[in-house]
Amino acid sequence: MMVDKANLYKATARSSGDNDERALLVVRDLRKYFGDPDRGSPVIAIDSVNFEVKRGDFLTLLGPSGCGKSTTLQCIAGLQHPSSGQIDMDGEIVFSDQQGITVPANKRKLGMVFQSYAIWPHMTVFDNVAFPLVHGSARVPSAEVKRRVMEALELVELDHLALRYSPHLSGGQQQRVALARALVHQPKLLLLDEPLSNLDVQLRDTMRVEIRQLVKQLGITTVFVTHDQAEAMSMSDEIVLMQSGRIMQKGTPRQIFLCPKSRFAADFMGRSNLIPAALNHDGTIADTPFGQLRCNPDHKLAPNSRALLVIRPQAIVVPDPEVDAVSPNTLLGEIRTLSFLGETVEIDLGINGHCLKVMADPYLSLSAGQVIRVVLPPERCLVVPDPDASDRTQAAVGLIGNGATASRNGAAVRETR
Amino acid sequence: MSVVSQSRMRRSGITPQTYVKWILLALVSAMVMGPLFVLVLTSFRPPGALPFQDAGYTLANYVDILTRRGSLRIFWNTLYYASSSVVLGITIAMIIAWLTERTNMGGRTLFRILMFSWMAVPPLVFGYGWILLINPGNGAINVLLMNVFRLSGAPLSPYSPLALIIISGLSLVPTAYVMISGLLRNMDPSLEDAGYVIGAARSTTVRKITLPLMRPGLLSVSIFLIMAMVQTFDLPQILGATAQFPVLSTRIYLLATPEVGVPNYGLAGALGVFLLMLALALMWFYFRAIQLAERFRTVTGKGFRPRRSDLGRWRPAAYLFVGTYFTVMILPLLILLWTSLLPYYRVPSFAAFADLSLASYAKVLTEPTVLRAMENTLFLVFISSTAVMALSCLISWFAVRSGGRSSRLLDLLSFLPTAVPPIVMAVAMLLLFMRSPIYGTIWVIIIGHIVIYLPFGTRTMNSAFMQIHHELEHAAAVCGATWMTGLRRVLVPLVWPHVLNAWLWVLAHSVRDLTFPLILLSSQNLVLASALYLRWDMPDQTGASAIAMILVVGLSALVVPIQIYTTRRIDRD
Ligand SMILES: Nc1ncnc2c1ncn2[C@@H]1O[C@H](COP(=O)(O)OP(=O)(O)OP(=O)(O)O)[C@@H](O)[C@H]1O
Ligand SMILES: [Mg+2]
C-alpha cells in the first residue's frame, strides 16, 4: 500500500545513480574488541568481517543473539569505532585504522532505524522527520523542508499524524516515523537494526513486505539486521550469516537455505537431519547409521574423513508406492510418530533404530506404524564438517532443530547416547 | 579518494568531544584543585605572610592550632552543633514526610509544594526573623510571654547554643523532608503489607519493618546533612557570634577578615585544612552509608502506589503538628514583613498599625548601593546557575556516555567540592585571586559558586542522562547532527524538567549564600545577601527587613511556579 507513492518519491531520492556496478559498501577485515586489550582478555565482538553490498541491494546480517550484528551495523554507521579494518562507502573510505581515517557518524549521510525506533518524545512527528533536514548535514531551505517531510510522511502513510507527539503513536506508527526520518534526507545507505522485533506478529508480516518493496522502489541500498531467519529469507537479496563475531556463510537466501556450508548454517536456517558420516576414498559416498548413502560431491572435505550429512526434512522424497522406480539412496523406515500440520506432515521415521525427520506431502495417506520407502536425493545430501568429530567415539544421529538451540540439542542427543 | 572527502576525514580519536573533554578537565581541575592548592600552601606559610610571598615554610600554624586550648572546643562545638541540629531537623522532617507520603492527611500536596519551595527563604533571613522574635530586649514573643505570665525578664534568647541549634534544625527540615520523602516514595509497600497480613499491629509494623528498612537510607541522609551543617556559616555567624559559640567556619571567617588588625591567612588556611579533613571524613562515611543503603534498596521500579494509612483519631494531632511547624516557620517572615513596614522596629500591636507604610521599601529601592546589589545579585545568580548547568550537562554526558579513565576523573573532580566547605573554598579563592584583576569583582563570587554547586548539577544530570536510551542520541548523529546539536536538540530537551529543577536549586542557593559575598566583599561586588548582612549590622533593622522581604518575594516568584511545574512534569514522566 505505501509503495504506490514511492514512484513519485523515487525521482528525487535517486540522484546519484551513476555507476551501478561498484559495490556501495565494502567492509574489509573489520574487528571490534571491547575492553582494554592490555589488561585481561577483551571481548571479541566481531572478528575479521568481510562483505560487500552492491548498489540497490538488500543485505541482511543474520545470526543468533550476541553474534555481533548490531556491533557491525554500528561500526558501519560510525556509532562505534572498530578496532581495526576498513569500511568504504560509495568509493570513499569512511573508516580505516591503517590510514587513520574516521568519518564521524554525522558525516556519513546515512539513514538508520533503531530497534527502539528512537523517536524523540519531545518533538512532533513532523519535527522528528524534519530533523535531518533542519539540523543535519543535508540542510535545506525551510520551504523545502515542509515539502520533503510531507512527502516522506506520505510515503509511510502518516501525513495525517504530522502534528502528533510520538508518545501518542502506536508501535507500528512509530516504526513508520523512524523509517520516514531515515529516508527523508535521501541517504545512500539505509541501516535497519531489528526494526520489526518490537511489533506484533501480524504487523511484522505486513511491514516485512512493505519495507522491502519501499526500499526496492526507492533503489536505496539497505543493510538489515535480524535474528529471525524467516525475516531474513523473505526480505533479502543477500544474507550474511554470523556466529560469535564471525561470518559463517554469505549468499542468496536460496543458497544459504539449500546449501548450508556448516552445521551451524544448517541448524540456524531451519530444521535439518544431521547425520554423522564417514566419507569414502573419493568423498562421494558416506557411511552412516542409515547405511551407505551417495552424497553431493561438492564439498572440500578430505576423503575418508568424518563429516556430517545434512539433509533437510523437506528434501526427502516419499515416492508413490505404486511406482517401482529404482533410485539411489532409497531407505525403508517405519513411521514412529506423525503430526499433521496442514501445510505439511511431519514424520519421525525409524530406520535401523535411528530417527529421520521427514516432511511429506499432506495429500499422501500415511499413518503411524506404516513402513514406507523414502528417497534421499544425492544432490540434496550435503556434506559439512563435523565440529566435534574428534571427540566422537560412536556414530549416532544428531537431530534437527530450529535456530540457535539446535546445536545444543544435537550435542545433547550425542552425549546421552 | 576524492578531494571532498579529504576535508571530512579525521585522525581517529581526535573528535570535537575529545577537545571538549580535555578543556573541561583542565577547567574543572583548575577551579577545584587550584584554590585548594593555594590554601594548603598558605597554611604552611608563617603567620602574617601572604600566599605568593616567598617567606619559607613552617608548621607553626598547625602547631598553634593543635596546642591552643580553645581549638578542641571549636571542634567540639562544630560537631555538637551539626549533629544536634540534624537530629532535630530529621525528626521533624520524618514525621511530616510520613504524614504527607503515607497517610490520608488532607492538603498534603500543598505541604509538599511549601516544603519544596522553602529554598526561597535564605537561612540568613530566617535567622534575622528569629532575632526579631525572641531577642531579650524587645523580641515580640518575649514581650508577649512577659505580659502574659508577668515575668520580669525575657525568657527566650536567640543568642545561645541551644537557640542556634533549634533555629538551624528548623531551617534544615525542608531539605531533610525532600530527601526523606524520596526514600518513602521509593519503598515497596508490599514489604509493609507483608507485616499487616501476618497480623502485626500498625505500630509494630512501623517499628519492626518500616523503620529498619529505612535505617540505611536515613543514615546516609543524616551523614549528608551533618556534612552540610559542619560547613554552614550564616546562622552560626549571625547567632553564634553573639552567643560566644564559635564553630570552625565562623572562626575561619574571623581569622581571614578580622574586624581589627591584619588577617591571619596562615592560621585560617590551616584551620580550613582541618575543616576540609573533617568534611572528607564525613564524605567517606557517607559513601559507606550509601553502599549499605544500596543493599537495602527495595525499589521495584515505578508504578507502585504506596498504601496510605488512615489517620483515624490521630488526625487532629497530625494537623496540630504540621500546623505548628508551618506557623513556626512563617512567624519569622511575618515579623520581618511587619518590621519592614514600620519606620523603626516596634512590637506588633494594633496601635502600630497606623504607622504602616512602604517608606522603607521606597528608601532602600532608591539607594544606589542596594540597586547595585540587586543588579549584581541578578548577574551573579543567573550566570552561576546557567554556567553550572551547562558544565554539568557536558560533564555528565562524558561521565554517563563516554566512559574511559579521563571521563571518570572528570566525574570525580566535579563531585569533590561536596566535601569542600564553602568557607574554605571562599578563603582559598581569596588567596588565589588576591593579586589578580578579578579580585573584588563579582566574577570571583561567580567562580566560587560554580565550583561549590557543580556537584549538585552533575549528580542531577548523571541520573537524568542515565534514564535516556542511548539510541535516542545515536539517531541524532545518524541524521547528520553534530555532537553539540544532538546534545542541544535531543538530549537536554529530553531531560528538561531535571535541568530546570537543578538550575533553580543552584540559583536559589546562589542567592542565599552569604559565605562567598562576605569573604570576598568589596565595594563593587555587593549582593543582596551581603547587603542584608551589612545593613543589619549597621544597625538598620527596618531597611534590612525590607531587603529580606524583597529577597524572599523575588525568589519565591521564581521558585514557586517552577516547583509546581517541575513537580508535575517529573511525576508525570
Ligand atoms: N559495550 C560493550 N562492552 C563489552 N561487550 C560488548 C559491548 N557491546 C557489545 N558487547 C558484546 O559484543 C557481542 C556482540 O554484541 P552485539 O550487540 O553486536 O550483538 P547482536 O548480534 O546485536 O545481538 P542481539 O541480537 O541480542 O542484539 C556480545 O557478546 C556482547 O556481549
Ligand atoms: Mg543487536
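First to last, the sequence lines map onto chains A and Y. Quick note on numbering: the first sequence equals residues 1 to 417 in UniProt numbering. Quick note on numbering: the second sequence equals residues 1 to 573 in UniProt numbering. From the three backbone atoms N, C-alpha and C, an ideal C-beta is built for every residue, glycine too. Predicted model only: the values in this text are computed from it and were never measured.
Here the alpha carbons of residue 38 of chain Y and residue 135 of chain A stand approximately 45 Å from one another. Chain order gives the chain A residues near residue 489 of chain Y as 135, where near means a beta carbon separation below 7 Å. In the same chain as residue 123 of chain Y, and ignoring 5 residues on each side of it, the C-beta atoms closer than 6 Å to its own belong to 171, 234 and 235, in chain order. Cα atoms of residue 168 of chain Y and residue 128 of chain Y: separation of roughly 12 Å, rounded to the nearest angstrom. Taken in chain order, the complete beta strand (DSSP E) segments of 3 residues or longer contained in the stretch 303–342 of chain A are 306–311 and 330–340. DSSP places residue 35 of chain Y in the uninterrupted alpha helix (DSSP H) bounded by 16–43.
In the DSSP assignment, residue 295 of chain A falls outside any beta strand (DSSP E) and carries neither an H nor an E. For residue 169 of chain A, the CB contacts under 8 Å within the same chain, skipping 5 residues up- and downstream, are 119, 125, 161 and 177 in chain order. Taking 9 Å as the upper bound on Cβ-Cβ separation, chain Y lies near residues 178, 181 and 182 of the stretch 153–183 of chain A. Of the residues A:33, A:28, A:46 and A:22, the one whose Cα lies closest to the Cα of residue 244 of chain A is A:46.
Taking 8 Å as the threshold, the shortest C-beta distance from residue 35 of chain Y to chain A does not fall below it. The contact set of residue 77 of chain A on chain Y, defined by CB atoms closer than 7 Å, consists of 478 in chain order. Secondary-structure assignment with DSSP links residue 379 of chain A through no beta bridge to anything. Inter-segment contact for the stretch 489–501 of chain Y and the stretch 439–453 of chain Y is absent: fewer than three beta-carbon pairs are separated by less than 8 Å. Against chain A, the CB of residue 481 of chain Y has a partner CB under 8 Å away; the residue lies at that interface.
For the pair residue 501 of chain Y and residue 250 of chain A, the Cα-to-Cα distance works out to about 53 Å. Distances from the CA of residue 173 of chain Y to each of Y:276, Y:366 and Y:328 were compared; the closest alpha carbon is that of Y:328. Secondary structure at residue 429 of chain Y: helix, using DSSP grouped into helix, strand and coil.
Chain A has a Cβ within less than 8 Å of the Cβ of residue 493 of chain Y. Taking C-beta atoms as the reference points, residue 76 of chain A and residue 223 of chain A count as a pair closer than 8 Å.
With 16 or more other CB atoms across the displayed protein chains lying within 10 angstroms of its CB, residue 269 of chain Y is buried. Going by beta carbons, residue 335 of chain Y and residue 133 of chain Y fall inside the 8 Å limit. For a Cβ distance threshold of 8 Å, residue set 476, 479, 481 and 489 of chain Y lies close to residue 131 of chain A, ordered along the chain.
Within its own chain, the residues whose Cβ lies closer than 8 Å to the Cβ of residue 370 of chain A, once the five positions on either side in sequence are excluded, are 334 and 335, listed in chain order. Within the same chain, Cβ atoms closer than 6 Å to the Cβ of residue 415 of chain Y are found at 455, the five residues on either side in sequence being excluded. Contact check for residue 208 of chain A against residue 194 of chain A fails: the beta carbons are separated by 8 Å or more.
The continuous alpha helix (DSSP H) containing residue 216 of chain A extends over residues 201–218. Contact between residue 241 of chain A and residue 248 of chain A holds: CB atoms are separated by about 5 Å, below the 8 Å threshold.
Residue nearest to residue 263 of chain A within the set A:121, A:383 and A:57 is A:383 (criterion: CA-CA distance). Classified as buried, residue 253 of chain Y has 16 or more neighbouring CB atoms from the shown chains inside 10 Å of its CB. With respect to the 8 Å criterion, residue 276 of chain A and residue 288 of chain A are classified as neighbours on the basis of their beta carbons.
Per DSSP, residue 434 of chain Y lies in no alpha helix (DSSP H) segment and is marked neither H nor E.
Not one heavy atom of ligand 2 sits closer than 7 Å to the Cβ of residue 181 of chain Y.
Of all alpha-carbon atoms in Y:568, Y:551, Y:471 and Y:453, the one lying nearest the alpha-carbon of residue 496 of chain Y is that of Y:568. In the DSSP assignment, residue 348 of chain A falls within the unbroken beta strand (DSSP E) covering 345–351. Rounded to the nearest angstrom, the Cβ distance from residue 528 of chain Y to residue 374 of chain Y is 6 Å, consistent with a contact under 8 Å.
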